[in-house]
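**Student:**
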Amino acid sequence: MKGAILFDSTKCIGCEACVAACKEKNNLPAMIDPKLTAYTWTVVEQRNTAFIRRLCMHCESPTCASVCPVEAFRKEPSGPVIYDASRCIGCRYCIMACPFDVPKYQWDRAVPIVQKCDMCADRIKAGQQPACAAVCPTGATIFGDRDEMIQEARARLEAAPKAYVPKIYGLEEVGGTSVLMLSSIPFASLGIRPDLPLTPLPALTWKALSKVPDIVGVGGALLYGIWWITNRRIRVQEALAQEAAKKG
Amino acid sequence: MVKLPRTAGSSSEEEPVRQGWRTGVAWLTGAVLALGGHAAAQQLRLPPDMAYTKAEGSPGKVVFSHQFHVAVSEKCTTCHVRLFRMLEPTRQVTHADMEAGKSCGACHNGQMAFGPTEAAGCSRCHVGEGKSS
Amino acid sequence: MRKDEEAMNSRRWPEMTFWRLVFLVLAATGTVVAVLRFTRGLGATTNLSDHFPWGLWIGFDVLTGVGLAAGGFTITAVVYLFNLKRFTPIIRPTVLTAFLGYVFVILALLFDLGQPHRIWHALVMWNPRSVMFEVAWCVMLYTTVLALEFSPIVFERLNLERPRRIVRAISVPLVIVGVILSTLHQSSLGSLYLIVPHKLHPLWYSPLLPVFFFVSAIAAGLAMVIVESALCQRAFNHHLKMDLLEPLGRAMVVVLSIYGILRVQDLARRGALLGLRRPGYEGSMFLLEMGLGVLLPIILLAIPRVRARQPGLVTGAFLAILGFVMHRLNVSVTGMERAAGVAYFPSWMEIALSLALVAAGFAMFGLAVRYLPIFPEAPHRASGVEAPAWLLARPASMVAGGSPEPLGHPSAPAGME
Chain G
1 MKGAILFDST KCIGCEACVA ACKEKNNLPA MIDPKLTAYT WTVVEQRNTA FIRRLCMHCE
61 SPTCASVCPV EAFRKEPSGP VIYDASRCIG CRYCIMACPF DVPKYQWDRA VPIVQKCDMC
121 ADRIKAGQQP ACAAVCPTGA TIFGDRDEMI QEARARLEAA PKAYVPKIYG LEEVGGTSVL
181 MLSSIPFASL GIRPDLPLTP LPALTWKALS KVPDIVGVGG ALLYGIWWIT NRRIRVQEAL
241 AQEAAKKG
Chain V
1 MVKLPRTAGS SSEEEPVRQG WRTGVAWLTG AVLALGGHAA AQQLRLPPDM AYTKAEGSPG
61 KVVFSHQFHV AVSEKCTTCH VRLFRMLEPT RQVTHADMEA GKSCGACHNG QMAFGPTEAA
121 GCSRCHVGEG KSS
Chain F
1 MRKDEEAMNS RRWPEMTFWR LVFLVLAATG TVVAVLRFTR GLGATTNLSD HFPWGLWIGF
61 DVLTGVGLAA GGFTITAVVY LFNLKRFTPI IRPTVLTAFL GYVFVILALL FDLGQPHRIW
121 HALVMWNPRS VMFEVAWCVM LYTTVLALEF SPIVFERLNL ERPRRIVRAI SVPLVIVGVI
181 LSTLHQSSLG SLYLIVPHKL HPLWYSPLLP VFFFVSAIAA GLAMVIVESA LCQRAFNHHL
241 KMDLLEPLGR AMVVVLSIYG ILRVQDLARR GALLGLRRPG YEGSMFLLEM GLGVLLPIIL
301 LAIPRVRARQ PGLVTGAFLA ILGFVMHRLN VSVTGMERAA GVAYFPSWME IALSLALVAA
361 GFAMFGLAVR YLPIFPEAPH RASGVEAPAW LLARPASMVA GGSPEPLGHP SAPAGME
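Here it is in structure tokens:
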């Protein structure tokens, strides 16, 4: 099963049970930061009367996994994008590149690592729900198979079209994510970028990287050719000069 | 039936409000459903009342009710995880803990709420088995 | 007697000049910052944050540093692949600059990385889809190439003839590999930013970023050769080889023009130039970068009378370097600030460490010039120290200038051999 989280903002009452459960599950410090940090992996933000959760979107084609030079991020078949701290060298490219600004750094540590929500990958493997979904008292956060969550989201949009903005956020953004969101107000008002491309971002760098073999091959041949031609020209000149010297 | 527009918020302002009573009924249905949905959301799925482990010399089991306590604060983070675990509750507290301001004692200290004193009445907490507050 | 005493004294205590004082202050401050960085972490020593994870140490030390060391591959290509042997005298100082430049970049990276002791991870943990992986490997390999290109100078000093010959024998393939590796990583440093089209300001974001980075690096490398020669002239009382540097100035005009046209064309096509009518913060920085760092050097260096004279040539080159630094910082800092929602300015510690590393580079350059056969003519007269015996006793064939000897000839000019 490819797991995904469905967050329905219309059901969220901002109780922060998800925040608390996440803190407990991951042994994070109790202090709750207003925005995501290395020590707070999910937050609930209030915009007027609406609430929005911020957490890792667990993209289908994760930018963080693509940019990490040592493959410290991995998209699991079960849904989560997980981070292997033992590989991380601290280059912070993931923090720079993530379109949702999710990965955060332990700036206060002498030996820091990146931290972000891992969709409770170990709980999922054990057949449980992520902690946030397990404790949500209103069902604003639920967890299940991605296709089923999409169906559920579609059903809700059809059943109460006036209650929602007709969009399942995460369905297609940057190639789709495993955290889907529904909202009653435009997502931009909730602080979620409306301008992300529908194609995965890693395609942009792959366009450049895929040319590397060509540069090596063509470049090598070209440079060798230049050397060969110019070198030959010099040798021919020298040979002619030597001949002229012999005669003269 | 109202059609789902392609982009967010594009339909209502553009379509002229001329379609007559059918549109009116559709709007009303939608409004009722939305309100109903919101009301349903208020039916919180809280953990059931939980009994704490009865210690030696305790007059009766302490039973904690979420239903009662969520009226205290709209945020679960007021108590979780600072004072109480959520996923794996310990279900253990002593008067000593409370007097140190831990666990229930963070509020039940005689000032914010009644404290663990004889004057307050032991049975306010030690309700015994099978009873909810 | 007095003169001998003076000479002896000067040999025990090196003279404290202004620049030596500057170096000592920078070195001391840099050491303090280094200790703080490793004991208290990045948050305590830099103005970096989750909103702004890459700052001066990446934008200047790494991005700019790598570009300014680009002379290494351009000049070696000119001499060894295009066979323009008359440029041989500038190979050694250029390779030295490049080698020190890359060492500087790696050292700076060791401070910026969160866990620098794991820098070797890229050797065994691979992600070929990552631009940073490619950069890491290319920089590692190219630094090795530079070390090899530099080694004959050291072998010569140590009179190790056999290793010198071995490296000399592979000079052409080595230079080819060096040019390819340089092309790859100079452009890839630009490719790093391809993945943030929604974050990098349209005045700098472009699908052509790798091309911009590569072409500007070529110009910067050439400019560095000119400026570095001017600095050596002042420091070591060298004669500035205008006959060699002036053609580099001319080449700079061509390269900068290509770069300028590419940038403007790309911006026009994407409609990004419209915002310049009433330039805000980003617009002003862009105009400064292009005007001061591209247009002005092109104009100056295109005028033969300006280019043929030292002040004009060096000014043109210096402006180009300024423009190059501005471009890299505009891409990494200016262009990223709006999307990040924060204004970033490096902390004094970030600045201090970067300056300390630059100062160390200068110092190493000076040491190398003093103890290694970098320059064919004796550089020691200005400092009042006796030239070492090996330099005075060297065979005439090591002297640059005169007609170029054919490759393979034992008395071939002092280049990489």
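Residue numbers (the numbering used here), protein chains in the order written: chain G, 1 to 248; chain V, 1 to 133; chain F, 1 to 417.
Glycine included, every Cβ here is placed at the ideal spot set by N, Cα and C.
Rounding to the nearest angstrom, what Cα-Cα distance links F/T76 and G/I89 in this structure?
**Tutor:** 33 Å
**Student:** Compute the beta-carbon to beta-carbon distance between F/F73 and F/G178, rounded to the nearest angstrom, for a pair I have assumed lies under 8 Å.
**Tutor:** 5 Å
**Student:** Counting C-beta neighbours from all protein chains within 10 Å, is the total for F/E417 16 or more, i.e. buried, or is it exposed?
**Tutor:** Legend: pLDDT at F/E417 = 39, less than 50; position of this residue unreliable, no value from coordinates given.
**Student:** Are the beta-carbon atoms belonging to V/R91 and V/T53 less than 9 Å from one another?
**Tutor:** yes
**Student:** Can you give me the C-alpha to C-alpha distance between F/A382 and F/P376, rounded to a whole angstrom?
**Tutor:** Confidence in F/A382 is poor, its pLDDT being 38 and thus under 50, which makes the residue's placement too unreliable to answer from.
**Student:** List the residues of chain G that F/R129 touches, going by C-beta distances under 8 Å, in chain order.
**Tutor:** S66, P202, T205, W206, L209
**Student:** If the criterion is Cβ atoms closer than 9 Å, does the pair G/A134 and G/I5 meet it?
**Tutor:** Contact: no.
**Student:** If we call anything under 9 Å between Cβ atoms a contact, is F/F324 one with F/A169?
**Tutor:** no
**Student:** Quick one, which of F/V78, F/S229, F/R277, F/D50 has its alpha-carbon nearest F/M336's?
**Tutor:** F/D50
**Student:** I want to verify the contact list: residues of chain F whose CB lies under 9 Å from the CB of G/R193, in sequence order.
**Tutor:** What G/R193 touches in chain F: H198.
**Student:** Tell me where the beta strand (DSSP E) around G/M181 begins and ends.
**Tutor:** It spans 179 to 182 - the beta strand (DSSP E) in which G/M181 sits, taken as one unbroken run.
**Student:** Determine the chain G residues that contact V/C76 at a beta-carbon separation under 9 Å, and present them in chain order.
**Tutor:** Proximity of chain G to V/C76 at the Cβ level (cut-off 9 Å) is accounted for by C15, E16, A17, C18, V19, A20, A21, V135, P137, in chain order.
**Student:** So G/Y93 is in the alpha helix (DSSP H); what residue range does that whole segment cover?
**Tutor:** 93 to 97
**Student:** Using DSSP bridges, identify the partner residues of G/K261.
**Tutor:** No answer is possible for residue 261 of chain G: the residues shown for chain G start at 1 and end at 248.
**Student:** Suppose you measure from the CA of V/S133 to the CA of G/C22; what does that come to, to the nearest Å?
**Tutor:** A caution first: V/S133 carries a pLDDT of 42, below 50, which makes its placement in the model too unreliable to give a value.
**Student:** May I ask which residues mark the beginning and end of the beta strand (DSSP E) holding G/V218?
**Tutor:** Here G/V218 belongs to no beta strand (DSSP E); instead the alpha helix (DSSP H) covers 212 to 247.
**Student:** Would you say the region 185 to 202 of chain G touches the region 77 to 88 of chain G, given that touching needs at least three Cβ pairs under 8 Å?
**Tutor:** The answer is no - the region 77 to 88 of chain G does not touch the region 185 to 202 of chain G, with fewer than three Cβ pairs under 8 Å.
**Student:** So for G/A254, helix, strand or coil by DSSP?
**Tutor:** Residue 254 of chain G lies beyond the residue range present for chain G, which begins at 1 and ends at 248; the question has no answer from this structure.
**Student:** Could one say the Cβ of F/E282 lies closer than 9 Å to chain G's Cβ atoms, at least one of them?
**Tutor:** no
**Student:** Tell me which residues share the same chain as F/L42 and place their Cβ nearer than 7 Å to its Cβ, disregarding the 5 neighbours each side in the sequence.
**Tutor:** Closer than 7 Å at the Cβ level, and outside the excluded window around F/L42, lie L48, G114.
**Student:** Please list, in chain order, the residues of the region 89 to 116 of chain G that have any C-beta partner in chain F closer than 7 Å.
**Tutor:** Against chain F - using a Cβ distance shorter than 7 Å - the residues of the region 89 to 116 of chain G are I89, G90, C91, R92, Y93, I95, M96, A97, P99, K104, Y105, W107, D108, R109, A110, V111, P112.
**Student:** Please identify the residue among F/D112, F/L231, F/E134, F/T94 whose C-alpha is closest to the C-alpha of F/L357.
**Tutor:** F/D112
**Student:** Per DSSP, which one or two residues make a beta bridge with G/D8?
**Tutor:** G/L182
**Student:** If you follow the alpha helix (DSSP H) that G/K125 is in, where does it begin and where does it stop?
**Tutor:** G/K125: member of the alpha helix (DSSP H) spanning 121 to 125, first to last residue.
**Student:** Give me the Cα-Cα distance between F/Q186 and G/Q106, rounded to the nearest whole angstrom.
**Tutor:** Their backbone Cα atoms lie some 30 Å apart in a straight line.
**Student:** Would you please verify whether the beta carbon of G/E173 is less than 9 Å from any beta carbon of chain V?
**Tutor:** no
**Student:** Using only the alpha-carbon positions, how far apart do F/L21 and F/G221 sit?
**Tutor:** When rounded, the distance between both Cα atoms is 29 Å.
**Student:** Based on the DSSP secondary-structure assignment, which residues constitute the bridge partners of G/G144?
**Tutor:** Beta-bridge pairing links G/G144 to G/A4.
**Student:** Could one say the Cβ of V/Q81 lies closer than 9 Å to chain G's Cβ atoms, at least one of them?
**Tutor:** Position check: residue 81 of chain V holds Val in this sequence, whereas Gln was assumed. Chain G, which has a Cβ nearer than 9 Å to the Cβ of V/V81, makes this yes.
**Student:** Between G/I168 and chain V, is the shortest Cβ-Cβ distance under 9 Å, so that the two count as touching?
**Tutor:** no
**Student:** For the region 77 to 107 of chain F, enumerate the residues whose C-beta is nearer than 9 Å to any C-beta of chain G, in chain order.
**Tutor:** Using a CB distance below 9 Å, the part of the region 77 to 107 of chain F facing chain G consists of A77, Y80, L81, F82, N83, L84, K85, ordered along the chain.
**Student:** Does any residue of chain V bring its CB to less than 9 Å from the CB of G/K35?
**Tutor:** no
**Student:** Check distances from the C-beta atoms of the region 83 to 99 of chain V to those of chain G and list, in chain order, the residues that come in under 7 Å.
**Tutor:** R85, M86, L87
**Student:** Just grab the DSSP bridge partners of V/M50 for me.
**Tutor:** Beta-bridge pairing links V/M50 to V/F64.
**Student:** Given this structure, state the Cα-to-Cα distance separating F/M125 from G/D118, to the nearest angstrom.
**Tutor:** 21 Å
**Student:** May I ask you to report which of helix, strand or coil DSSP gives G/K207?
**Tutor:** If DSSP states are grouped into helix, strand and coil, G/K207 belongs with the helices.
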